[in-house]
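Enquirer: The structure under discussion is supplied below as structure tokens; questions concerning it will follow.
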Amino acid sequence: MNKTYFLDLFGCAKNQVDAETLMAYLNDAGWVCVSSPAEAEITVINSCGFIETAKRESINAVIEHKRNGKRVLLAGCLAERYADELFESLSEADVVFGNKDLSKIVSAADAALHSVRTQLVPLSSDTNIRYKSRPLLSPPGSAYVKIAEGCSNRCSFCSIPLIRGGLKSRQIEDVFDECQTLLDRGVRELCLVGQDIAAFGVDYSGKQLLSVLLESLARLDGDFWVRLLYLHPDHFPPILDFLKRNGGGRFLPYFDIPFQHASKSLLQKMNRKGCEEDYMALLDRIRDALPDAVIRSTFLLGFPGETDVDVEILLDFQEKARLDWAGCFTYSREENTPADAMKPRVPKHAAARRKVLVEEKQTAITEKQLERFVGREFSVLVEEKVDEGLYLGRMFAQAPEVDGAVVVHADAAPRLGTFTRCKVTARAGFDLTAEKVR
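Start counting the sequence shown at 6; every next residue gets the next number (this note's numbering).
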């Protein structure tokens with residue numbers, strides 16, 4: 006039998022890094038990744054187990070691949086969280102693997118190849134992850150760098166600590182070496198990710214070390230971006246002075262800060278310590294230090310006990326906060342989380358209606374915020390050719406996958422995965438139109 010596999014990836018950027026690492030181990034062991042499941046001997050599903058809809062998507066993928074005659078290896082967060090239940094009840098999964106010691110993926114794949122139904126869920130995490138050799142699943146020129154694993158915040162709605170455990174930060178020198186290797190490979194955007202990178206270093210030093218990490222990365226040579234993704238607002242790290250001093254384009258003034266809500270009483274039920282006033286003060290601090298700062302957030306609607314008054318508080322906060330980007334999701338009951346037992350529960354139709362209210366309001370705010378970029382020049386990371394003279398890319402205000410794009414008109418073809426200087430000429434919905442200037 007040919008040792009070929011197809012990767013079906015679900016979930017977040019952290020899960021993508023895991024998938025890339027699984028690929029590195031498999032490829033080193035002589036496996037070949039193919040572009041369609043029809044060509045593969047086995048399908049590796051790197052699953053998500055964060056909320057109910059994500060779980061269903063991953064389980065449906067297992068069933069669909071098995072229906073098409075594939076041997077299925079179920080890895081990732083869903084497999085980690087429900088290993089015993091899935092092995093017992095989901096017979097379509099030939100192997101249930103998990104997400105801890107990723108180096109064991111080769112043994113799991115061999116079992117799947119020979120149709121040996123196996124539950125292989127290592128208890129300990131891999132301490133020698135091959136970050137340097139992993140293939141990249143990001144668009145050209147960009148890569149996610151996972152600087153920490155797990156989370157110790159214990160938000161009452163969140164299952165991440167149940168799946169990933171508490172915070173485990175990497176050593177600064179390890180992150181530095183990985184970033185150097187990625188730059189040597191031609192990467193131009195380093196997206197630092199974790200469940201909460203604001204807490205980086207607290208687990209082994211007792212203090213926040215994100216600013217120390219950034220000082221280290223400032224020693225790297227080359228033309229590149231560093232983007233920070235997911236900073237918990239209740240312990241925002243002391244990085245503004247550094248970013249102000251190093252505002253030459255490398256360290257982007259882009260902040261992914263998941264406020265989740267603005268109602269103090271609801272935030273307390275979520276086991277969060279902030280409130281509308283605190284969050285507005287944080288936004289003012291960021292914008293005072295970095296006037297061009299771009300801020301993304303997420304909001305959770307339909308949390309147990311949420312009232313129409315709470316939603317009005319959130320809508321008022323939106324108006325004042327003027328966030329550049331915001332994503333919304335409705336509450337998903339997750340067993341063994343504190344919120345699972347909380348009441349009164351908000352009906353799903355009410356949560357969905359509130360989500361639409363917040364999204365509609367944010368659409369108008371985002372479009373207005375984007376107008377400030379029209380007429381100005383920016384570096385654009387070009388990622389895709391659409392047609393002759395037409396390309397897609399992103400400027401500093403746009404994170405991969407979640408924000409809009411820059412539609413670049415260029416007579417001379419820019420090289421994919423590199424920066425091109427462009428002048429923004431118009432806004433088109435959530436996208437920007439630009440002309441290449443040099």
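Note that the Cβ used here is the ideal one computed from N, Cα and C, for glycine as well.
This one's a predicted model, so the numbers in the text were calculated from it and none came from an experiment.
Does DSSP put residue 58 in a helix, a strand or coil?
Expert: Against the sequence shown, residue 58 aligns to sequence position 53. Residue state, collapsed to three classes: helix.
Enquirer: Rounded to a whole number of angstroms, what is the C-alpha to C-alpha distance between residue 17 and residue 332?
Expert: To locate residue 17, count along the sequence shown from 1; it is residue 12. To locate residue 332, count along the sequence shown from 1; it is residue 327. One C-alpha to the other measures close to 14 Å.
Enquirer: According to DSSP, which residues form a beta bridge with residue 436?
Expert: Reading the sequence shown from its first residue, position 431 is the one you call residue 436. For residue 436, which the question treats as bridged, DSSP gives the partners 433.
Enquirer: Ends of the alpha helix (DSSP H) at residue 147?
Expert: Here residue 147 is taken as the residue at index 142 of the sequence shown, counted from 1. Per DSSP, residue 147 belongs to no alpha helix (DSSP H); it is in the beta strand (DSSP E), 147-151.
Enquirer: Output yes or no for whether 9 Å exceeds the beta carbon distance between residue 305 and residue 362.
Expert: Your numbering for residue 305 matches position 300 in the sequence shown. Your numbering for residue 362 matches position 357 in the sequence shown. Contact flag unset, no.
Enquirer: In angstroms with no decimal places, state the Cα-to-Cα distance between residue 400 and residue 15.
Expert: Working through the sequence shown from its first residue, we reach residue 400 at position 395. Working through the sequence shown from its first residue, we reach residue 15 at position 10. The alpha-carbon separation between residue 400 and residue 15 amounts to approximately 26 Å.
Enquirer: Can you list, in chain order, the residues of its chain with a C-beta nearer than 6 Å to that of residue 132? Leave out the 5 residues immediately preceding and following it.
Expert: For the purposes of this step, residue 132 is identified with residue 127 of the sequence shown, where counting begins at 1. In this prediction, residue 132 scores a pLDDT of 47, lower than 50, which makes its location untrustworthy; no coordinate-derived value is stated.
Enquirer: Is residue 49 buried or exposed, if buried means 16 or more other CB atoms sit within 10 Å of its CB?
Expert: What you label residue 49 is simply residue 44 of the sequence shown in a count that begins at 1. With 16 or more other Cβ atoms from the protein chains shown falling within 10 Å of its own Cβ, residue 49 counts as buried.
Enquirer: Quick check on the DSSP output: the alpha helix (DSSP H) that includes residue 331 runs from which residue to which?
Expert: In the sequence shown, residue 331 corresponds to position 326, counting from 1. First-last for residue 331: 330-335, but that is the beta strand (DSSP E), not the alpha helix (DSSP H).
Enquirer: Cβ of residue 352 within 9 Å of Cβ of residue 310?
Expert: As a working mapping, residue 352 is identified with position 347 in the sequence shown. As a working mapping, residue 310 is identified with position 305 in the sequence shown. The beta carbons of residue 352 and residue 310 sit no closer together than 9 Å.
Enquirer: Near residue 42, which residues of its chain fall below 8 Å by C-beta distance, leaving aside the five closest residues on each side in sequence?
Expert: Translated into the one-based positions of the sequence shown, residue 42 becomes position 37. In chain order, 11, 13, 48, 70, 73 and 75 place their CB closer than 8 Å to the CB of residue 42, counting only its own chain and leaving out the 5 sequence neighbours on each side.
Enquirer: By the 10 Å Cβ neighbour count, where 16 or more other Cβ atoms means buried, how is residue 58 classified, buried or exposed?
Expert: Residue numbering aside, residue 58 sits at position 53 when the sequence shown is read from its first letter. That one is exposed.
Enquirer: With residue 260 as the anchor, note down where its beta strand (DSSP E) starts and where it stops.
Expert: In the sequence shown, the residue the question calls residue 260 occupies position 255. That run of the beta strand (DSSP E) goes 256-261.
Enquirer: Give a yes or no on contact between the segment 411-424 and the segment 271-287, applying the rule of three or more CB pairs nearer than 8 Å.
Expert: Contact fails: fewer than three Cβ-Cβ distances are below 8 Å.
Enquirer: Could you compute how far the alpha carbon of residue 406 sits from the alpha carbon of residue 168?
Expert: One-based indexing of the sequence shown puts residue 406 at position 401. One-based indexing of the sequence shown puts residue 168 at position 163. Approximately 24 Å between the Cα atoms of the pair.
Enquirer: Only counting runs of 3 or more residues, tell me where the beta strand (DSSP E) segments fall wholly within the segment 211-285, in order along the chain.
Expert: 230-233 and 256-261
Enquirer: Is residue 132 helix, strand or coil when you go by DSSP?
Expert: Working through the sequence shown from its first residue, we reach residue 132 at position 127. Since pLDDT at residue 132 reaches only 47, below the 50 mark, its modelled position is unreliable, and the value read off the structure follows with that caveat. DSSP places residue 132 in coil when its eight states are reduced to three.
Enquirer: Rounded to whole angstroms, what's the CA-CA distance from residue 267 to residue 360? Just pull it up for me.
Expert: Locating residue 267 in the sequence shown gives position 262, where the first residue counts as 1. Locating residue 360 in the sequence shown gives position 355, where the first residue counts as 1. For residue 267 and residue 360, the distance between alpha carbons rounds to 14 Å.
Enquirer: Once you ignore the five residues that flank residue 195 on each side, which residues in its own chain have a CB closer than 6 Å to its CB?
Expert: Here residue 195 refers to the residue found at position 190 of the sequence shown. Excluding sequence neighbours, residue 195 sits near 150, 184 and 231.
Enquirer: Between 198, 7 and 111, which has its C-alpha nearest residue 39's C-alpha?
Expert: In the sequence shown, residue 39 corresponds to position 34, counting from 1. Residue 7 is the option with its Cα nearest to residue 39.
Enquirer: Do residue 295 and residue 261 have their beta-carbon atoms positioned less than 9 Å apart in this structure?
Expert: By 1-based counting over the sequence shown, the position of residue 261 is 256. By 1-based counting over the sequence shown, the position of residue 295 is 290. No, Cβ-Cβ distance for residue 261 and residue 295 is not below 9 Å.
Enquirer: Would you grab the beta carbon distance between residue 29 and residue 144 for me? Rounded to a whole angstrom, and I think it's under 8 Å.
Expert: Residue 29 sits at position 24 when you count from the first residue of the sequence shown. Residue 144 sits at position 139 when you count from the first residue of the sequence shown. Contact doesn't hold; Cβ gap of about 19 Å is too wide.
Enquirer: Could you give the uninterrupted runs of the alpha helix (DSSP H) lying entirely in the segment 345-404, keeping only those of 4 residues or more?
Expert: 353-375
Enquirer: Would a C-beta distance cut-off of 9 Å place residue 385 and residue 425 closer than the cut-off?
Expert: On the sequence shown, position 380 is the one that residue 385 refers to. On the sequence shown, position 420 is the one that residue 425 refers to. Going by C-beta atoms, residue 385 is nearer than 9 Å to residue 425.
Enquirer: Is it buried or exposed, residue 242, if we count other Cβ atoms within 10 angstroms and call 16 or more buried?
Expert: Residue numbering aside, residue 242 sits at position 237 when the sequence shown is read from its first letter. It counts as buried.
Enquirer: Taking buried to mean at least 16 other C-beta atoms within 10 Å of its own C-beta, is residue 121 buried or exposed?
Expert: Mapped onto the sequence shown, residue 121 falls at position 116. With fewer than 16 Cβ atoms within 10 Å of its Cβ, residue 121 is classed as exposed.
Enquirer: Could you please give the first and the last residue of the uninterrupted alpha helix (DSSP H) stretch that includes residue 30?
Expert: As a working mapping, residue 30 is identified with position 25 in the sequence shown. Note, residue 30: alpha helix (DSSP H), 18-33.
Enquirer: Do you know how far the Cα of residue 299 is from the Cα of residue 109?
Expert: Within the sequence shown, numbered from 1, the residue matching residue 109 stands at position 104. Within the sequence shown, numbered from 1, the residue matching residue 299 stands at position 294. Rounded to whole angstroms, residue 109 to residue 299 spans 40 Å at the Cα level.
Enquirer: Counting along the chain, where does the beta strand (DSSP E) carrying residue 13 start and finish?
Expert: Along the sequence shown, read from residue 1 onward, the residue named residue 13 stands at position 8. Residue 13 -> beta strand (DSSP E) spans 9-14.
Enquirer: For residue 396, which residues from the same chain have a beta carbon less than 7 Å from its beta carbon, with the 5 sequence-adjacent residues on both sides left out?
Expert: Position 391 of the sequence shown, counted from the start, is the residue given in the question as residue 396. If we look at residue 396 and ignore the five residues flanking it on each side, its Cβ neighbours are 387, 389, 390, 413, 415 and 419.
Enquirer: Is the beta carbon of residue 435 less than 9 Å from the beta carbon of residue 375?
Expert: Start at 1 with the first residue of the sequence shown, and residue 435 comes out as number 430. Start at 1 with the first residue of the sequence shown, and residue 375 comes out as number 370. Cβ atoms of residue 435 and residue 375: closer than 9 Å.
Enquirer: State yes or no: is the C-beta of residue 214 within less than 9 Å of the C-beta of residue 206?
Expert: The residue labelled residue 214 in the question sits at position 209 within the sequence shown. The residue labelled residue 206 in the question sits at position 201 within the sequence shown. Cβ distance < 9 Å, so residue 214 and residue 206 count as in contact.
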